[in-house]
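Here is the structure we will look at.
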Amino acid sequence: MSYLDIESVTCGYCHSCCTIHYLKQEGAKEYCLDLMSTLEQKGTIDIHAPEGEADPKLTLGYVKGEARGQMFGVLECLDADGKSLFLKAFSGQYNGVWDVNGWAPPLFDTKEFDLIVDSADKEIKRLGNIINKLLNEPDRHQLIYKRKRLSQELMKEIHALYRVNNFRSEARPLTDFFKNGIPAGAGDCCGPKLLNTAAKMGLLPVSLAEIFWGETNLSGTRMQGNFYGPCREKCLPLIGFMLCGANADRSDHE
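Numbering-wise, the numbering used here comes out as the position in the sequence shown, counting from 1, plus 287.
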């Protein structure tokens with residue numbers, strides 16, 4: 288197994304045990320297509336809400352319009368009794384929403400996230416309003432620099448909230464995996480969300496598939512209905528560690 292296979296499997300190198308861990312796509316792919324069919328039928332990702340109570344922000348129209356598509360993923364798992372379970376996730380936020388009932392949550396506590404962001408955003412926006420009024424004033428550059436530093440500090444605080452779990456009951460901070468700076472969106476893709484949730488629930492991962500749905504993205508690199516492997520910059524540094532412990536346990540069931 289090598290990194291050349293990442294479009295057909297979910298894999299990554301684990302620096303803790305010096306091993307490439309991987310999951311196949313087959314199994315999860317069929318359920319992933321079934322999920323997208325259900326979303327199309329319901330017209331929303333809020334499929335567990337009572338009839339007539341789905342959040343209007345979570346309509347499928349979002350990915351077919353301004354968002355220009357989004358990644359969705361399914362993880363096939365086994366519970367302690369060997370029963371098959373399927374977890375589902377969407378990448379990042381869905382129309383500004385992190386947590387949706389029935390979907391894998393992000394790698395951080397959203398309440399803590401909101402407290403940090405709400406407080407910092409007010410100050411950043413306040414500085415922005417002042418900057419817009421000081422078009423040619425000497426203080427303008429100082430305020431721009433101050434706003435930039437506040438934004439950088441905010442990102443550090445947000446990244447500090449992330450906890451990356453694996454199947455050996457180990458958890459590490461996001462900063463451990465990116466020595467040259469954390470890429471935007473690291474830890475927010477479907478794969479990390481699904482594996483993190485399965486590890487915390489004590490489930491055994493079997494297969495994982497990620498599909499793009501909605502309007503083709505602006506760069507033309509993502510098209511509806513196509514399956515894609517984990518992204519190199521944001522996911523591969525995490526996947527190896529997150530799968531550590533899963534391959535050995537899974538062999539007992541094969």
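Where is the CB? At the ideal position from N, CA and C, for every residue including glycine. Please read these numbers as outputs of a predicted model, since none were measured by experiment.
Indicate whether residue 482 and residue 529 have their beta-carbon atoms separated by less than 7 Å. Yes, they are a contact pair.
3-residue-minimum beta strand (DSSP E) runs that sit fully inside the stretch 419 to 476, ordered along the chain: The qualifying runs are 450 to 452, 458 to 460.
Is it the case that the Cβ atoms of residue 308 and residue 527 are separated by a distance below 7 Å? Taking 7 Å as the Cβ cut-off, residue 308 and residue 527 qualify as a contacting pair.
For residue 407 and residue 363, which I take to be in contact (beta-carbon distance under 8 Å), what is that distance rounded to the nearest angstrom? The pair is not a contact, with the Cβ atoms about 39 Å apart (cut-off 8 Å).
So which of 402, 452, 489, 440 has the shortest CA-CA distance to residue 478? Nearest Cα to residue 478 within the set 402, 452, 489, 440: 452.
Contacting residues, own chain, Cβ-Cβ under 6 Å from residue 421 (five flanking each side not counted): So the qualifying residues of the chain are 427.
With a threshold of 7 Å on Cβ separation, who are the neighbours of residue 532 within its own chain once the five nearest residues in sequence on each side are excluded? Excluding residues within five positions, the ones whose Cβ falls inside 7 Å are 453, 454, 455.
Per DSSP, the bridge partner or partners of residue 497: Residue 497 is bridged to 360.
Near residue 299, what residues of its chain come up, given a Cβ to Cβ distance below 6 Å and the 5 sequence neighbours on each side ignored? The residues are 523, 526, 527.
List the residues that DSSP assigns as beta-bridge partners of residue 334. Residue 334 is not bridged by DSSP to any residue.
Could you check whether residue 395 and residue 320 sit closer than 7 Å to each other, using their CB atoms as the reference points? No, these two residues do not count as a Cβ contact at 7 Å.
Per-residue DSSP class, three states only, for residue 371: If DSSP states are grouped into helix, strand and coil, residue 371 belongs with the strands.
Could you check whether the stretch 347 to 367 touches the stretch 484 to 498, counting it as contact only if at least three pairs of C-beta atoms, one from each stretch, sit closer than 8 Å? A contact exists between the stretch 347 to 367 and the stretch 484 to 498.
Local conformation of residue 290 per DSSP, three classes: Per-residue confidence for residue 290 stands at a pLDDT of 44, beneath the threshold of 50, marking its modelled position as unreliable; the derived number appears in the next sentence. It is helical.
Nearest-angstrom Cα separation, counted from residue 493 out to residue 411: Their Cα atoms are separated by approximately 44 Å.
Could you name the residues of the same chain whose beta carbon sits closer than 7 Å to that of residue 262, not counting the 5 residues immediately before and after it, in chain order? A query on residue 262 cannot be resolved here, the shown segment of the chain reaching from 288 to 541 and no further.
Can you check which of these residues, 409, 430, 351, is closest to residue 512 by C-alpha distance? Of the candidates 409, 430, 351, the one whose C-alpha sits nearest the C-alpha of residue 512 is 351.
For residue 308: DSSP bridge partner residues: Per DSSP, 299.
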